[in-house]
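Visitor: Please see the structure below; I have some questions.
Protein chains in written order, with our numbering: chain A, 3 to 325; chain B, 2 to 344.
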């Protein structure tokens, strides 16, 4: 097996006042070296929790991986301990978050936040790491990097901050970049710049990207393969062309149909998905999209099998939703 | 108070905005003197007809929300005029403005923040009627039930609190509240940007249905060009406090003339992997509206050839075809003959 990342039956839960809830409930997928896998789904579907499980950044102590396995470069990550994870994060796996202002430390200069990782993981000395930081800022397209390196995060615009996040994530040339809604807080023209930058870096470094987004347009432009999540589970997974051309699950079809497109007729009624996602503590064991459709009986009692229906195309085979 | 009001009601036009400016002072120095101004809205002219939707697009900081707020007089404009149903409301005092306020209402982006968490949904929806002294308690209660029906919420919602509802439902509450006083015009400020796609389409459908049934006019402010195009009759594109292009929605998409409009359309990710393009994204970012660059602000951003020529110019919107307005900037607008250079 040459997969860089192999996730099998991952389950992640949170202790709440109302007991244990499973935010991720049996998720499996693989990501090959150098490829981009998109994870798409609506808020609360478990896409971010899946990513945070990989790098062990779940809110503690309420959140924990309940079961399953995460193998990265052949080694098991679940239960591998703090020390191993610290060596991994920022070194072999880089992470960028949606809101760079929340992820950057407001009281440290930009340069310091980059050199921190270099000194820790690469044992560079100060002067050398600072030079590297300027180089990186230049690489991610920040003008006047030697001046920016001594500035603080609040002095930068949103797009610039996201570039700094990317510089930090990439400073140790990771094998995997996890990008959680990296462009959601940005304007369209800046979004295009950032996505373009990620692709370029990917080509240069040969790294794989796990791209989490709710935007199907971003998925269509960036990814090789797509995982569609609904209510903590994967309902469909396929190569990107296949998924857009031949969606099989009712939820995937509904998502694709409900985006307004530039070429669609103005003021025509948009397709919608009726109802809304159930609250997490009310999730049924059976098909959760059937639950949203208010179907009852066997459909919502027994978990539908998740199988490969054609090469590379996986589907949760609910008799109603995936006919 | 003493001035004779000059009412020139035009049958088909509901809202007329002329040369509207909204500047915020920047203070500095020992005596907090004004050292500059944020030119958030810098000379905007537009109009909205009855039953029409005007879409307003632009990136964050371009002044689109400020423009919306200045129109409904949540802000006091620095210069220019806003006429609503022929009344000049630009400097009208609050007492006189209040009865007119019934006719234009605002819906905000984040219903979680714009709805008071301590009021029940019934109270929230009834509040505008209380302010406008409409009906008695009983009549208002009935109207609330009607409005909740109208926006697709159960009547029992009136007894609950807004935080018990999901984002999409909360936006429905915000819409019900705005509709309570029978307005003619809704200013919708990013009404669906905080919602998930499947819920977003539900709310867009609701807005389109309400417009059909009640003959409402909308100023639809958003950054998502695909959403704006879907709901709008006409679209205005705003950049750094100014409108750079305005035309019919289909025309704007088919035949964009301003380089910024083109860049915006180009930058939207296409939801079709078979049409993946390899385009160079637009460089730079929107400059600060404090001391904006002279001349054409977009030309400055992309260092367009011919930008220098724009510095000395007073750039204005010009109607190049019936209903299609483009700023007469020398660096960003391709002439019709030279059009279609890409591909």
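Just so you know, even glycine gets a beta-carbon here, dropped at the ideal spot from N, CA and C. Since we're looking at a predicted model, the values are computed, not measured.
(1) With distances taken between CB atoms, is the gap from residue 272 of chain B to residue 219 of chain A smaller than 7 Å?
(2) Residues of chain B with CB under 7 Å from residue 242 of chain A, in chain order?
(3) Buried or exposed, going by whether 16 or more other CB atoms sit within 10 Å of the CB of residue 29 of chain B?
(4) Can you tell me whether residue 134 of chain B is helix, strand or coil according to DSSP?
(5) Runs of 4 residues minimum, wholly inside the stretch 48 to 96 of chain A: which ones carry the alpha helix (DSSP H) assignment?
(6) Within a Cβ cutoff of 6 Å, which residues of the same chain sit near residue 51 of chain A, ignoring the five residues on either side of it in sequence?
(7) Confirm the yes/no value for this check: CB of residue 146 of chain A, any heavy atom of the ligand NAD, distance under 6 Å.
(8) Does the count of Cβ pairs from the stretch 14 to 29 of chain B and the stretch 82 to 89 of chain B closer than 8 Å reach three?
(9) Return the residue from the list A:21, A:249, A:253 that minimises the CA-CA distance to residue 314 of chain A.
(10) Would you be able to state if there are at least three C-beta pairs under 8 Å between the stretch 157 to 171 of chain B and the stretch 101 to 117 of chain B?
(11) Against chain A, which members of the stretch 161 to 181 of chain B pass a CB distance test of less than 9 Å?
(12) Within 10 angstroms of the Cβ of residue 58 of chain A, are there 16 or more other Cβ atoms? Answer buried if so, exposed if not.
(13) How many Å lie between residue 177 of chain B and residue 164 of chain B at the Cα?
(14) For residue 251 of chain A, does the three-state DSSP call read helix, strand or coil?
(15) Could you tell me whether the Cβ atoms of residue 211 of chain A and residue 179 of chain A are closer together than 7 Å?
(16) Assuming residue 245 of chain B contacts residue 328 of chain B (C-beta within less than 8 Å), just tell me the rounded distance between them.
(17) Which same chain residues, not among the five before or five after residue 135 of chain A, have their C-beta less than 6 Å away from its C-beta?
(18) What does the Cβ neighbour count give for residue 109 of chain A, buried or exposed, with the cut at 16 atoms within 10 Å?
(19) Whole angstroms is fine: what's the gap from residue 205 of chain B's alpha carbon to residue 272 of chain A's?
(20) Check whether chain D comes within 7 Å of residue 222 of chain A, counting only Cβ atoms and requiring the distance to be less than that.
(21) Grouping DSSP H, G and I as helix and E and B as strand, with all else coil, what is residue 256 of chain B?
(22) Are the CB atoms of residue 56 of chain B and residue 233 of chain B within a distance shorter than 7 Å?
(23) Are the C-beta of residue 150 of chain B and some C-beta of chain A separated by less than 7 Å?
(24) Quick one, which residues of the stretch 12 to 45 of chain A are near chain B if we go by CB-CB under 7 Å, in chain order?
(25) Please state whether the Cβ-Cβ distance between residue 42 of chain B and residue 76 of chain B is less than 7 Å.
(26) Counting only Cβ pairs nearer than 9 Å, list the residues of chain A close to residue 345 of chain B.
(27) Please work out which residues of its chain come closer than 7 Å, Cβ to Cβ, to residue 333 of chain B, disregarding the five sequence neighbours upstream and downstream, and give them in chain order.
(28) Taking 7 Å as the CB-CB cut-off, is residue 219 of chain A touching chain B?
(29) Given that residue 312 of chain A touches chain B, what residues does it touch there, using C-beta distances under 8 Å?
(30) Identify the residues that DSSP records as bridge partners of residue 182 of chain A: which are they?
(31) Taking the beta carbon of residue 22 of chain A as the centre, do at least 16 other beta carbons fall within 10 Å, making it buried, or is it exposed?
(32) Check the Cβ-Cβ distances between residue 198 of chain B and every residue of chain A, and say whether any is below 7 Å.
Guide: Taking the structure as given:
(1) Going by C-beta atoms, residue 272 of chain B is nearer than 7 Å to residue 219 of chain A.
(2) Per Cβ cutoff of 7 Å: 274.
(3) So residue 29 of chain B ends up on the exposed side.
(4) In this structure, residue 134 of chain B counts as coil in the three-state DSSP scheme.
(5) The stretch 48 to 96 of chain A contains these whole alpha helix (DSSP H) runs: 49 to 56, 84 to 90.
(6) If the five residues before and after residue 51 of chain A are omitted, its C-beta is found closer than 6 Å to the C-beta atoms of 14, 25, 26, all from its own chain and listed in chain order.
(7) What this structure holds is no ligand at all, so the ligand NAD is not there to describe.
(8) Verdict: yes, contact present.
(9) Comparing Cα-Cα distances from residue 314 of chain A to each of A:21, A:249, A:253, the minimum goes to A:249.
(10) Yes, the stretch 101 to 117 of chain B is in contact with the stretch 157 to 171 of chain B.
(11) Taking 9 Å as the cut-off between beta carbons, the residues of the stretch 161 to 181 of chain B near chain A are 167, 168, 169, 170, in sequence order.
(12) Burial call: buried.
(13) Their backbone Cα atoms lie some 16 Å apart in a straight line.
(14) In the three-state DSSP reduction, residue 251 of chain A falls in the coil class, being neither helix nor strand.
(15) Yes; because the gap between Cβ atoms is below 7 Å, this pair is in contact.
(16) That pair is a contact at about 5 Å.
(17) 113, 116, 117, 151, listed in sequence order.
(18) That one is exposed.
(19) Roughly 8 Å between the two C-alpha positions.
(20) Any reference to chain D falls outside this structure, whose protein chains are A and B.
(21) Under the three-state reduction of DSSP, residue 256 of chain B is assigned to coil, being neither helix nor strand.
(22) Taking 7 Å as the cut-off, the Cβ atoms of residue 233 of chain B and residue 56 of chain B count as close.
(23) Not closer than 7 Å to any Cβ of chain A, the Cβ of residue 150 of chain B fails to qualify, so no.
(24) Cβ proximity to chain B below 7 Å picks out 44, 45 from the stretch 12 to 45 of chain A.
(25) Going by C-beta atoms, residue 42 of chain B is not nearer than 7 Å to residue 76 of chain B.
(26) This structure cannot speak to residue 345 of chain B, because chain B is shown only from 2 to 344.
(27) These residues qualify, in order along the chain: 259, 260, 261, 297, 299, 300, 305.
(28) At a cut-off of 7 Å between beta carbons, residue 219 of chain A contacts chain B.
(29) Listed along chain B is no residue with a C-beta nearer than 8 Å to that of residue 312 of chain A; the closest approach is about 17 Å.
(30) Answer is A:214, bridged to residue 182 of chain A.
(31) Classification for residue 22 of chain A: exposed.
(32) Interface with chain A (7 Å Cβ-Cβ cutoff): residue 198 of chain B is included.
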